[in-house]
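Since the structure comes first, as structure tokens, the remarks are kept for the end.
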Amino acid sequence: MLRLYIAGNSASSRRAEQNLDQLRKQMKRGEWKIEVIDVLLRPDLAEKAGILATPTLSYDLSPRPRRIIGDLSDTRRVLEFLGIEPNGEIA
Amino acid sequence: MNAVDVDTSEVLERVQTGVKAFDELVMGGLPRARTTIVGGTPGSGKTVFATQFLAHGITMYGETGVLVTFEEPPRDIEANMRGFGWDLPRWRREGKLAFVDASPPANDEMVVGDFDLSGLLSRILHSVKTVGARRVVLDSLTQLFDHFIGDPKILRRELFHISNALKQAGLTVLMTAERNSEYGEITRHRLEEFVADNVVILRNVLHREKRRRTIEVLKMRGSHHAEGEAPFTLLANQGVVAIPLSSLRLEQQSSMVRVTSGNRAIDDMCGGGFFRDSVTLVSGATGTGKTLLVTNFLAGGVAAGEKAILFGYEESRGQLFRNASGWGVDFARMEEEGKLRVICLYPEAQGLPDHLLTIQALVDEFQPSRIAVDSLSALERIAPDTGFREFLISLTSFIKKREIAGLCTATSKSLVGGQSASEQHISTLTDSIILLRYIQEQDTMHRGLMVLKMRGSEHAKEIRRFTIDGAGMHLGEPFRHAPSVFSGNDGDYTR
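Chains as they are written, first to last, in my numbering: chain R, 1 to 91; chain X, 92 to 586.
So this is what it looks like as structure tokens:
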């Protein structure tokens with residue numbers, strides 16, 4: 001389960017959504033559930049999660065919670081960081 | 092819009108910090124809807140000052156606040172601030188204070204590509220809305236900057252954006268920032284350049300083995316402020332207490348009411364006694380009778396139905412009481428009757444700013460009509476020059492503001508003639524100066540007294556002989572062939 005925190009229509013947020021969508025399409029088993037949270041509409045959820053920067057991709061259910069800040073433009077590094085094989089397997 | 096409207100719009104509304112002397116430095120408070128950066132080295136009191144800004148807003152001015160913390164989690168801040176008497180958890184429960192916890196998260200984090208700080212901004216604005224805040228503190232920006240140290244350009248842009256957004260929401264913002272050294276670049280990463288309308292510096296300098304804390308207003312966009320460093324201290328149950336300086340001078344009123352010096356002959360020399368709200372300096376070498384004049388001054392006040400307080404920094408209570416009884420004055424009885432308080436402290440027991448606060452607190456508690464300090468020279472010993480001058484300015488201002496009569500002593504270093512350093516400092520600050528000198532006349536040594544200065548009044552110009560016995564001080568005839576009381580050189584005044 002991934003959560004993507006974005007800020008309305010900002011350019012970097014839109015790019016992050018696009019990049020994440022692209023990533024998902026590349027996956028052979030593209031079954032990720034992705035929840036998108038707009039911090040401008042839900043500041044309470046941002047507070048709860050302690051979000052400072054947007055976009056932030058949060059991967060909370062792994063043994064070590066991880067976060068990627070930024071527009072996810074480097075997909076290879078994103079996958080590496082999340083510990084996900086390019087075929088969609090979770091390492 | 093006519094000209095009058097323009098004028099009023101240019102006057103920035105002030106938001107009081109409640110640190111009285113600081114508000115005076117910045118002409119009433121921090122400008123409303125502006126940002127102020129408070130820079131300081133670690134341990135300089137930034138977080139205390141910033142939290143106090145919110146605490147006073149809640150307790151004194153009915154303004155709620157938001158505290159954004161980038162360093163310590165809210166729990167730790169609540170615990171740390173309890174010692175200053177601020178009940179943050181209660182204010183939080185009552186909806187007067189909200190935290191935005193932006194302390195470093197426990198999880199792994201990586202930055203890939205461009206980002207902004209909308210998450211932070213929307214959380215701050217959300218908390219502001221929840222409690223209806225008018226004051227916001229960000230503590231500390233340096234921590235936030237270091238969190239995203241790989242992207243300084245983005246951070247600069249985002250901090251500028253946040254700062255503007257908070258101002259536009261009408262919030263008065265105080266941001267802290269770290270400094271690397273006490274006298275170097277203003278803040279690390281030069282944060283002040285792109286976020287702050289105003290810059291305040293807190294310093295904590297080690298000088299002659301004493302910590303000296305000061306606060307300085309470096310910049311106030313579009314408004315005036317007092318220049319220079321003002322000393323402050325951190326007190327339990329109060330927080331930052333700044334020491335007022337020159338800003339007090341204009342407020343003092345002048346009284347023409349005379350009070351007795353405790354010695355009729357000296358009253359006559361002064362043209363009828365000291366003024367009620369004046370400060371008199373008694374200067375003389377050791378053994379010339381300064382403490383006797385102090386004793387007379389206190390006893391004279393008590394005899395006239397006034398209350399008097401003595402701060403002794405040279406002798407113990409026992410010694411002072413014994414001296415007094417040797418001159419026929421019973422300090423113990425006066426204390427029992429609640430007419431007198433004698434406080435003896437080692438000068439080294441605390442720093443000068445704390446001495447000043449001790450004096451102020453006891454005077455406000457006891458409400459005396461006269462105060463004596465014996466001696467300033469002992470206090471001068473423990474402080475750097477600038478610190479001592481500030482202390483004197485503050486002390487004399489305080490005494491006058493309370494409209495009480497003050498008598499301070501200073502010890503001159505040479506036995507015959509000579510000026511002490513404290514005389515040089517204090518002579519312009521005190522209203523009257525009485526010199527006590529040893530004066531050699533052929534083969535014998537005499538004591539002489541003269542009134543050197545008496546602001547706003549005529550006074551006797553001669554040097555009077557005096558003797559001391561079991562009944563106190565007795566003034567005699569003037570010297571007719573006196574050597575110079577200033578230089579100690581023999582001079583013949585008869586020619």
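Note that beta-carbon positions come from the ideal geometry of N, C-alpha and C, so glycine has one too. Just so you know, these numbers come straight off a predicted model, no measurement behind them.
Mind listing the chain X neighbours of residue i? Cutoff is C-beta to C-beta under 8 Å, in chain order.
i, result
"residue 92/R", "Outside the shown range of chain R (1 to 91) lies residue 92/R, about which nothing can therefore be said."
"residue 83/R", "Going along chain X, no residue has its Cβ under 8 Å from residue 83/R, so there is no contact; the nearest lies around 10 Å."
For a test of the three-state rule: what should DSSP assign to residue i, helix, strand or coil?
i, result
"residue 454/X", "helix"
"residue 142/X", "helix"
"residue 358/X", "helix"
"residue 7/R", "coil"
"residue 481/X", "helix"
"residue 488/X", "helix"
"residue 436/X", "coil"
"residue 110/X", "coil"
"residue 333/X", "strand"
"residue 60/R", "coil"
"residue 555/X", "strand"
"residue 14/R", "helix"
"residue 502/X", "strand"
"residue 39/R", "coil"
"residue 472/X", "coil"
"residue 215/X", "helix"
"residue 54/R", "strand"
"residue 180/X", "helix"
"residue 186/X", "coil"
"residue 164/X", "coil"
"residue 393/X", "helix"
Tell me, which residues are paired with residue i by DSSP?
i, result
"residue 310/X", "290/X"
"residue 298/X", "301/X"
"residue 563/X", "560/X"
"residue 265/X", "127/X, 228/X"
"residue 523/X", "371/X, 545/X"
"residue 537/X", "530/X"
"residue 121/X", "106/X"
"residue 199/X", "66/R"
"residue 323/X", "333/X"
Are the C-beta atoms of residue i and some chain R residue less than 9 Å apart?
i, result
"residue 110/X", "no"
"residue 228/X", "no"
"residue 94/X", "Residue confidence is low: residue 94/X scores 37 on pLDDT, short of 50, so the model does not pin down where it sits. Its coordinate-derived value is still stated next. Judged by the 9 Å Cβ criterion, residue 94/X is not in contact with chain R."
"residue 209/X", "yes"
"residue 158/X", "no"
"residue 231/X", "no"
"residue 325/X", "no"
"residue 235/X", "yes"
"residue 216/X", "yes"
"residue 147/X", "no"
"residue 238/X", "yes"
"residue 107/X", "no"
Could you tell me which chain R residues have their CB closer than 9 Å to the CB of residue i, listed as they occur along the chain?
i, result
"residue 297/X", "Simply none; closest approach about 36 Å."
Report the CB separation of residue i from residue j in whole angstroms; it is logged as a contact under 8 Å.
i, j, result
"residue 520/X", "residue 483/X", "5 Å"
"residue 360/X", "residue 551/X", "4 Å"
"residue 302/X", "residue 442/X", "7 Å"
"residue 52/R", "residue 250/X", "Contact doesn't hold; Cβ gap of about 12 Å is too wide."
"residue 367/X", "residue 463/X", "Rounded, the Cβ-Cβ distance is 15 Å, inconsistent with contact."
"residue 8/R", "residue 38/R", "6 Å"
"residue 559/X", "residue 383/X", "6 Å"
Is there a C-beta anywhere in chain X that falls below 9 Å from the one on residue i?
i, result
"residue 71/R", "yes"
"residue 34/R", "no"
"residue 44/R", "yes"
"residue 23/R", "no"
"residue 52/R", "yes"
"residue 15/R", "yes"
"residue 12/R", "yes"
"residue 2/R", "no"
Going along chain R in order, which residues have a C-beta closer than 8 Å to the C-beta of residue i?
i, result
"residue 213/X", "7, 39, 40, 43, 46"
"residue 268/X", "Those do not exist, as residue 268/X stays about 17 Å from chain R at its closest Cβ, beyond 8 Å."
"residue 282/X", "Correct list: empty, because the minimum Cβ distance to chain R is about 16 Å."
"residue 252/X", "What residue 252/X touches in chain R: nothing, since even the nearest Cβ is about 11 Å away."
Using a cut-off of 9 Å between C-beta atoms, extract the partners of residue i located in chain X.
i, result
"residue 65/R", "196, 197, 198, 199"
Along chain X, which residues have their Cβ under 7 Å away from the Cβ of residue i?
i, result
"residue 77/R", "203"
Could you work out which residues of chain R lie near residue i, taking near to mean beta carbons separated by less than 7 Å?
i, result
"residue 192/X", "50"
Would you say residue i faces chain C, with C-beta separation under 9 Å as the test?
i, result
"residue 369/X", "Judged by its chain identifiers, the structure shown contains no chain C, and its protein chains are R and X."
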